[in-house]
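K.L.:
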Amino acid sequence: MTAPHLDQLAILGAKPAFERPLPVGQLYFPSWEKYEARFRDIFARQYYTNQGPLTQELERRLEAFFGVRHAICVTNATIGLIMAAESLGLKGKVVTPSFTFIATAQSLEWANLRPAFCDIDLRTHCVTPETIAPYLDEDVSAILAVNLWNGSCDPRTLEEFAAAHNLKLFFDSAHSFGCEVDGVPIGGFGDVEVFSFHATKVFSAAEGGCLTTNNDEIAKRLRNIRSSYGAGPPVPVVKTSNGRMSEAQAAVALMSLEDFPAILARNERLFGLYRACLARAPGLRLLEPTNVSKTNHQYIVVDVEAETFGLTRDQLLRALKAENIVARRYFHPGAHRCMPWADRDSGKTAALPNTETLCERIMQFPTGALVSDEAVARLGDLLETLSKRAPDVRKALEE
Ligand code: T4K
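Numbering (our numbering), first residue to last: 6 to 404.
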């Protein structure tokens, strides 16, 4: 990091505040010593994948962690979402939000289903019965809700709504590992929930994921789909795949689980530091976790109110990039504006006003176990200066 220069900005010609890029993910990885010890074991066993001992241990420990009957580990959440849709025997359309990572909607295409994109609540960024209801028709067989950021949908209300309409309900809970609703871990709601253990997630296997369910029949189908009928007794399924988690992934996940309390504590501290520094930047609102009694504090998601801050979200991103801060506009554009749906459904997609608004205003700041306190303080100073000097910044961006 270079010396503080509170009144100077890289976009106005000063040196960048950070010498090395500060990416959006500053990620947890186990210590080299732990990593080496785990991998020596794997090498000694010479058993590398397909329900090895580490994957089995991880599944038992995750079942206890989530308080569910079945945790089924997979190689990433995208294949997990495809498998979840397949295991539920869905047909036709699935109502799902457009404001999500593209993998949510793409998984439905892979399962020969069609997403019916619905809007989200402006406060929680999640779907509600009110945002889903306009999209229900006889072709809809399920709801795929997304638990975003450090919070969740209201899962019990969605369960009641899905049951009343005779629909399956599953959750993309890629972001929500370690969160709880009224003391109940996310993982036990709906028919199935899907978690991502990607390197940028709060709980990491570098790549990986997990499906959770309390339904024994669905679990049997999932185990068959995961591994070309799998190791257990075959049950009838139409399609199988390869979603197996390797022992290398399971080893990293087990180490993440050991260190999870420390990761949570670090995230909570960072969240508090960000909260304090963002309070000094008018027009930048930190998204507080919604609907949860316990959060993982993983994401620093900010709503940019351009009139008050002085810069739009995209102008702010460019000014931060000049400082070597690689913040991101998650999610932009909404999935309904991406291929293939933008072309295929053009003119047919109803207005998604809240989605459109958030896609223009929301951004994510650098976060994760390795972001230093000092980096957040520096960022806070920069944001204050950027807002004060917004007219100069806008001019520089126009040149
Ligand atoms: N549903 C939702 C709601 C999701 O958010 C996601 C994934 C999924 C489903 C699907 O889960 P997976 O199939 O991936 O398990 C990322 C991630 O690839 C993706 O996992 C994540 N969501 C999505 C929101 O973001 P990118 O392309 O924006 O991230 P990436 O890989 O560029 O990483 C971000 C930054 O983190 C990099 O600029 C640098 C830093 N980084 C990243 C990696 C991977 C590191 O420093 N080290 C690393 O190893 O998609």
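C-beta atoms are modelled at their ideal positions from N, C-alpha and C, and glycine is treated no differently.
Taking Pro134 as part of the alpha helix (DSSP H), name the residues at either end of that continuous run.
P.N.:
Numbered from its first residue, the sequence shown carries residue 134 at position 129. Note, Pro134: alpha helix (DSSP H), 134 to 137.
K.L.:
What number of angstroms, rounded off, separates the C-alpha of Leu384 from the C-alpha of Asp46?
P.N.:
Taking the first residue of the sequence shown as position 1, residue 384 is located at position 379. Taking the first residue of the sequence shown as position 1, residue 46 is located at position 41. Near 42 Å, if we compare the C-alpha coordinates of Asp46 and Leu384.
K.L.:
Report whether the distance from the Cβ of Thr205 to the nearest heavy atom of ligand 3 is below 6 Å.
P.N.:
The model on display carries ligand 1 but not ligand 3.
K.L.:
Just to check my reading of the structure: Thr217 and Gly193 have Cβ atoms closer than 8 Å, yes? What is that Cβ distance to the nearest angstrom?
P.N.:
For this step, residue 217 is matched to residue 212 along the sequence shown. For this step, residue 193 is matched to residue 188 along the sequence shown. Going by Cβ atoms, the distance from Thr217 to Gly193 rounds to 7 Å, so yes, they are a contact pair.
K.L.:
Helix, strand or coil: how does DSSP classify Arg342 here?
P.N.:
Counted from its first residue, the sequence shown places residue 342 at position 337. Correct three-state label for Arg342: helix.
K.L.:
For Glu143, which of Asp159, Cys131, Ser103, Val99 has the nearest alpha-carbon?
P.N.:
As a first step, residue 143 is located in the sequence shown; it is residue number 138 there, counting from the start. When each option's Cα is compared against that of Glu143, the closest is Val99.
K.L.:
Is Ala380 helix, strand or coil when you go by DSSP?
P.N.:
Position 375 of the sequence shown, counted from the first residue, corresponds to residue 380. Of the three classes helix, strand and coil, the one that applies to Ala380 here is helix, per DSSP.
K.L.:
Check the C-beta distance from Cys131 over to Leu149 and give it rounded, since I have them as a contact under 8 Å.
P.N.:
In the sequence shown, residue 131 corresponds to position 126, counting from 1. In the sequence shown, residue 149 corresponds to position 144, counting from 1. Going by Cβ atoms, the distance from Cys131 to Leu149 rounds to 12 Å, so no, they are not a contact pair.
K.L.:
Below 7 Å CB to CB, which residues in the same chain sit around Leu27 once its five sequence neighbours on both sides are set aside?
P.N.:
Locating residue 27 in the sequence shown gives position 22, counting from the first residue. So the qualifying residues of the chain are Asn329, Ile330, Val331, Pro371, Ala380.
K.L.:
How about Arg231 and Gly248: do their beta carbons lie closer than 7 Å?
P.N.:
Numbered from its first residue, the sequence shown carries residue 231 at position 226. Numbered from its first residue, the sequence shown carries residue 248 at position 243. Taking 7 Å as the Cβ cut-off, Arg231 and Gly248 qualify as a contacting pair.
K.L.:
Mapping DSSP to helix, strand and coil, what is Arg333?
P.N.:
Counting from one through the sequence shown, the residue named residue 333 turns up at place 328. The answer is strand: DSSP assigns Arg333 an E or B state.
K.L.:
For the beta strand (DSSP E) that contains Asp308, what are its first and last residues?
P.N.:
For this step, residue 308 is matched to residue 303 along the sequence shown. Element bounds for Asp308: 306 to 309.
K.L.:
Can you tell me whether Val29 sits near ligand 1, meaning its C-beta is under 6 Å from at least one heavy atom of the ligand?
P.N.:
Within the sequence shown, residue 29 is the residue found at index 24, counting from 1. Within the cutoff, so yes.
K.L.:
From Leu174, Phe182, Asn171, Thr109, pick the residue whose C-alpha is nearest to that of Asn301; which is it?
P.N.:
Your numbering for residue 301 matches position 296 in the sequence shown. Residue Phe182 is the option with its Cα nearest to Asn301.
K.L.:
Under the rule that 16 or more other beta-carbon atoms within 10 Å means buried, what is Ala138, buried or exposed?
P.N.:
What you label residue 138 is simply residue 133 of the sequence shown in a count that begins at 1. Ala138 comes out exposed.
K.L.:
Kindly indicate the opening and closing residues of the beta strand (DSSP E) around Ala150.
P.N.:
By 1-based counting over the sequence shown, the position of residue 150 is 145. Taken as a continuous stretch (DSSP letters only), the beta strand (DSSP E) holding Ala150 covers 145 to 151.
K.L.:
Would you call the segment 236 to 245 and the segment 199 to 217 in contact, with 3 or more CB pairs under 8 Å?
P.N.:
In short, these stretches do not touch, since the Cβ pair count stays below three.
K.L.:
Please report the distance separating the alpha-carbon of His180 from that of Arg349.
P.N.:
Translated into positions along the sequence shown, residue 180 becomes position 175. Translated into positions along the sequence shown, residue 349 becomes position 344. Computed Cα separation, rounded: 29 Å.
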